[in-house]
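Each protein sequence line maps, in turn, to chains A and B.
According to our numbering, the first sequence holds residues -3 to 120 in order.
According to our numbering, the second sequence holds residues 2 to 377 in order.
The C-beta atom is built at its ideal place from N, Cα and C for all residues, glycine as well.
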Amino acid sequence: MSKILFSEDHEYIRIENGVGTVGVTDFAQKALGDVVYVELPKIGATLTKGGQAGVVESVKSASELYSPVTGEVVEINAALSGDPALVNTDPLGQAWFFKVKIANENELTGLKDEAAYNDYIKGL
Amino acid sequence: MEAAQKNDAPLLKTTLWPIHTSMGGKMVPFAGYDMPVQYDGMGVLKEHVHTRTAAGLFDVSHMGQAILTGNDADPAIALETIVPGDIVGLEPGKMRYTVLLNDDGGIIDDLMVTRWDARTLLVVVNAACKEKDFAFIQEKIGRRTKLQYLGDRALLALQGPKAEQAASIFFPDVLGMKFMESVKTSYKGHEIFLSRSGYTGEDGFEISVPNAFAVEFTNELLQEPEVKLIGLGARDSLRLEAGLCLYGHDIDDHSTPIDANLKWVIPKRRREQGGFPGYEKIKKQLDGSTFILRVGIKPEGRAPIREKTELFIGDKKVGVITSGGFGPTVDGPVAMGYVNSDVAKAGTKMNAMLRGVARPCEVVTLPFVKNNYKKD
């Protein structure tokens, strides 16, 4: 069973068997506008919680993508390079950015569940 | 256009503000106004493509419209002392792009000047510059001319290959008009200033409408199926693909028209006779002593290269990007910037340093997308 958590930077992480699939939320894609380019981390790279993991470029601006957890990148979504607009059309599905092997499960406690995230964005 | 924003002042609203908000405009501060950057259900990409294929309607009422009359002579004679263009020779019903210059030949603003008659010009300046411009005009030529600010008028731009079709429903006059021509006309008893001009590289019109009639008129235009509202986001990507300058970014009071690759704004008579601010410096530049030049920059690959990104050949810094983003019609990144004049030739390869990585780019001839003006 997977579970999904959210960061205050509007990344989500879907967790299954110690591996997190990371992308940006629907709220984030709406704020970004039309996405035209994504820069992904390299497979094997070590990410740190809150550290930069990539870049999302929309027609309007460049935004940094932060990793919600510390860990090693085990897979990246090559489909996004060819079709970055997936971030707008299916942010929580086909438009995942990378998969990370979670180094420290304790870091997950600082993230929000879906209800808490929805409350959080209502206040923005 | 110019994005500078003072943080303390409350935002102004154009007459069309209620239409923007009711049509799902995502409102942002721009040049002191609360303006739509894009609209719900469309977005920058779709709005851009719509303008290139049908007709986009832009609210540009934040820009400064004013009438310049001569006290006892053609106001163009006085205006030519602060701009390098041929204004005296401008025929009634024609308009011209020109620049206000400071004493160093730097560009105070770019503007459109239209001649109505031997004593009357219409000027349209950038929103963020209008106070500064009007004060400058008053200071320099206020004794010989009278400047009347048209705060009671909205300004719409209708742009794209179907703009003529849509405009002709309201103004049969448009069918005989060419690029950079202007008429005073009327619709439903309201006086309209109509010109065949714009800021997208497409055929189109700029339509000055009394505020009291602006909402009704805009709603009528929006009844036409080919006409959709377009926000500032697409306005920027359209003008960038068309190679047009954005004041405060691609040109400012440190760049001369020669630096900015706008030497075509200075015709032969003015190059020879001078009589405008900064003439000595500009004359030297025309004779060959330029150091930097505005050029088109095409980044390889898909990553947009944005304003302030530095350009290098080897380890040597050779320039900087002043406007850059994604060009939806080009379907890739597009940019412009200033480079040293010895590396300004189209085809010159250089690198943009983007987030610490060298990204290959090439100097290209502007525009990125062929202009579609109605020239004959």
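Query                                                                                                                                                                                     : Result
Reducing DSSP to helix, strand and coil, say where F59 (chain B) ends up.                                                                                                                 : strand
For the structure I just gave you, are there three or more beta carbon pairs, one from the stretch 297 to 316 of chain B and one from the stretch 266 to 275 of chain B, closer than 8 Å? : no
Taking 9 Å as the CB-CB limit, is Q160 (chain B) close to chain A?                                                                                                                        : no
Provide the residue span of the alpha helix (DSSP H) that contains Y200 (chain B), from first to last.                                                                                    : Counting along the chain, Y200 (chain B) falls outside any alpha helix (DSSP H), and DSSP gives it neither H nor E.
Are the stretch 233 to 242 of chain B and the stretch 191 to 202 of chain B touching, with three or more C-beta to C-beta distances below 8 Å?                                            : yes
With C-beta atoms as the reference, is A353 (chain B) less than 9 Å away from L312 (chain B)?                                                                                             : yes
I117 (chain A) to S3 (chain A), Cα distance in whole Å?                                                                                                                                   : 11 Å
Measure from the alpha carbon of H191 (chain B) to the alpha carbon of each residue in B:V364, B:S342 and B:A215, then state which is nearest.                                            : B:A215
Just by C-beta distance, which residues in the stretch 293 to 311 of chain B are closer than 9 Å to chain A?                                                                              : G302, R303, A304, P305 and R307
Just the Cα atoms here: how many angstroms apart are D109 (chain A) and L61 (chain A)?                                                                                                    : 19 Å
Should P87 (chain A) and Q25 (chain A) be called a contact, given that it needs their Cβ atoms to be closer than 9 Å?                                                                     : yes
For E7 (chain A) and V18 (chain A), I'd like the C-alpha separation in whole angstroms.                                                                                                   : 7 Å
Put N72 (chain B) into one of helix, strand or coil per three-state DSSP.                                                                                                                 : coil
Pull up the CB-CB distance for V83 (chain A) and A91 (chain A), whole angstroms please, since I reckon it's below 8 Å.                                                                    : 4 Å
Anyone know if the C-beta pair for I259 (chain B) and I283 (chain B) falls short of 9 Å?                                                                                                  : yes
Determine the closest residue to T146 (chain B) out of B:V344, B:S290, B:G71 and B:K133, with distance taken between C-alpha atoms.                                                       : B:G71
Can you tell which of B:I314, B:V184, B:D105 and B:H21 has the C-alpha that lies nearest to the C-alpha of D254 (chain B)?                                                                : B:D105
Could you tell me which residues DSSP puts in a beta bridge with F93 (chain A)?                                                                                                           : Partner(s): none; F93 (chain A) has no beta bridge.
Hey, how far is the Cα of A81 (chain A) from the Cα of Y33 (chain A)?                                                                                                                     : 8 Å
Figure out for me which residue from B:G320, B:P334 and B:K371 has the closest Cα to the Cα of G326 (chain B).                                                                            : B:P334
Take K163 (chain B) and list the residues in its own chain whose beta-carbon comes closer than 6 Å to its own, dropping the five residues that flank it on each side.                     : A55, A56 and E227
Jot down the residue ranges of each uninterrupted alpha helix (DSSP H) in the stretch 257 to 330 of chain B, minimum 4 residues, whole runs only, in chain order.                         : 269 to 274 and 280 to 287
Give me the residue from B:A304, B:I314, B:E140 and B:C130 with the minimum Cα distance to E53 (chain A).                                                                                 : B:A304
If you count every other CB in all the chains shown that lies within 10 Å of the CB of A158 (chain B), and 16 or more means buried, which is it?                                          : buried
Counting Cβ pairs, one atom from each stretch, are 3 or more of them under 8 Å apart for the stretch 173 to 184 of chain B and the stretch 337 to 357 of chain B?                         : no
If you run the structure through DSSP and keep just helix, strand and coil, what is F31 (chain B)?                                                                                        : strand
If contact means a Cβ-Cβ distance below 7 Å, which residues of the stretch 52 to 74 of chain A contact chain B?                                                                           : E53, V55, K56 and A58
Within the continuous alpha helix (DSSP H) that includes K26 (chain A), where are the two ends?                                                                                           : D22 to L28
Determine the closest residue to T323 (chain B) out of B:S23, B:I252 and B:F59, with distance taken between C-alpha atoms.                                                                : B:I252
From the DSSP output, in three-state form, read off I379 (chain B) for me.                                                                                                                : This structure leaves residue 379 (chain B) out entirely; chain B is present only between 2 and 377.
Ordered along the chain, which non-local residues of its own chain (more than five positions away) have a Cβ less than 6 Å from that of H21 (chain B)?                                    : P37
Could you give the DSSP three-state label for V370 (chain B): helix, strand or coil?                                                                                                      : coil
Using a threshold of 9 Å, state whether the C-beta atoms of I306 (chain B) and L355 (chain B) are closer than that.                                                                       : yes
Run through chain B and tell me which residues come within less than 7 Å of D22 (chain A), C-beta to C-beta.                                                                              : Correct list: empty, because the minimum Cβ distance to chain B is about 14 Å.
List, in order along the chain, the chain B residues whose C-beta lies closer than 7 Å to that of D30 (chain A)?                                                                          : G44, V45 and L46
Just by C-beta distance, which residues in the stretch 222 to 237 of chain B are closer than 7 Å to chain A?                                                                              : G234
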